[in-house]
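Reading through the structure tokens given below for one structure.
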Amino acid sequence: MSGKGKGGRGKKSTTSSAKAGLQFPVGRIGRYLKQGKFATRMGAGAPVYLAAVLEYLCAEILELAGNAARDNKKSRIAPRHITLAVKNDEELNKLLGGVTIAGGGVLPNIHSVLLPKKASGGKTLSSASKSQDYWMGSSCGGAGGSIGGRATCAVSSIVGLLQSDVEEVMLLSVCRGSQV
147 MSGKGKGGRG KKSTTSSAKA GLQFPVGRIG RYLKQGKFAT RMGAGAPVYL
197 AAVLEYLCAE ILELAGNAAR DNKKSRIAPR HITLAVKNDE ELNKLLGGVT
247 IAGGGVLPNI HSVLLPKKAS GGKTLSSASK SQDYWMGSSC GGAGGSIGGR
297 ATCAVSSIVG LLQSDVEEVM LLSVCRGSQV
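Residue numbering for the sequence shown follows this note's numbering, beginning at 147 and increasing consecutively.
Next comes the structure, spelled out in structure tokens:
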């Protein structure tokens, strides 16, 4: 026997991802960096660092998207959940602000101008307030109305809902044909 044991035959190679403790492929990222001609020379730590950053970003996005999916009572992460996760996180939104995710939709948002007004007592004004009842009455659409036509009067009432009380009084006076 020559003294060569069986220890030398079955030695398994360790990947650079395993050495770095990462899930992302360090060797593949290094190959892409070389093929991309981003620089004439590249250090050995560059692909490891880039793989670690990419892995961290993916883990962060997946964690937030998983939380969004759980909030919506879903067991799978959909593009909608990724969009909600990115847009609701300040730093990720800054990083991925110009990115459009296919099938992601938009954040639910209603402009404050379009919401119903609050009265001084904290109650919302109903669409059947006294001024609106008068406005929709005989002076607008009835006989002798100065605007003419129910559609015009309905549009005027919608405009009155969206404007302040002072402007609403001015519109009422125009609808009646008098000056304030």
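Glycine is no exception: its CB is placed at the ideal position from the N, C-alpha and C atoms.
- One Cα belongs to A265, the other to H257, and the distance between them is close to 18 Å.
- Taking C-alpha positions only, N218 is separated from R226 by approximately 10 Å.
- Inclusion of A224 and G243 in the CB contact set at 9 Å is not warranted, their separation being larger than that value.
- Annotation: the continuous alpha helix (DSSP H) that includes K240 extends over E236 to L241.
- Your pair G173 and T161 checks out as a contact, with CB atoms roughly 7 Å apart and the cut at 8 Å.
- Per the Cβ contact rule, the stretch 210-217 is not in contact with the stretch 176-190 (fewer than 3 Cβ pairs under 8 Å).
- For N255, there is no enclosing alpha helix (DSSP H), as DSSP marks it with neither H nor E.
- K180 carries a helical assignment under DSSP once its states are collapsed to helix, strand and coil.
- Sequence-distant Cβ neighbours of E201 in its own chain, meaning closer than 8 Å and more than five residues away, are L168, Q169 and F170.
- By the 16-neighbour rule on beta-carbons within 10 angstroms, T246 is exposed.
- DSSP places K165 within a helical segment (H, G or I) once states are collapsed to three.
- Rounded to the nearest angstrom, the gap between the Cα atoms of K157 and Y195 is 27 Å.
- Straight through space, the alpha carbons of A164 and L238 are spaced by roughly 28 Å.
- Pairing K240 with L253 gives a Cβ-Cβ distance that is not under 9 Å.
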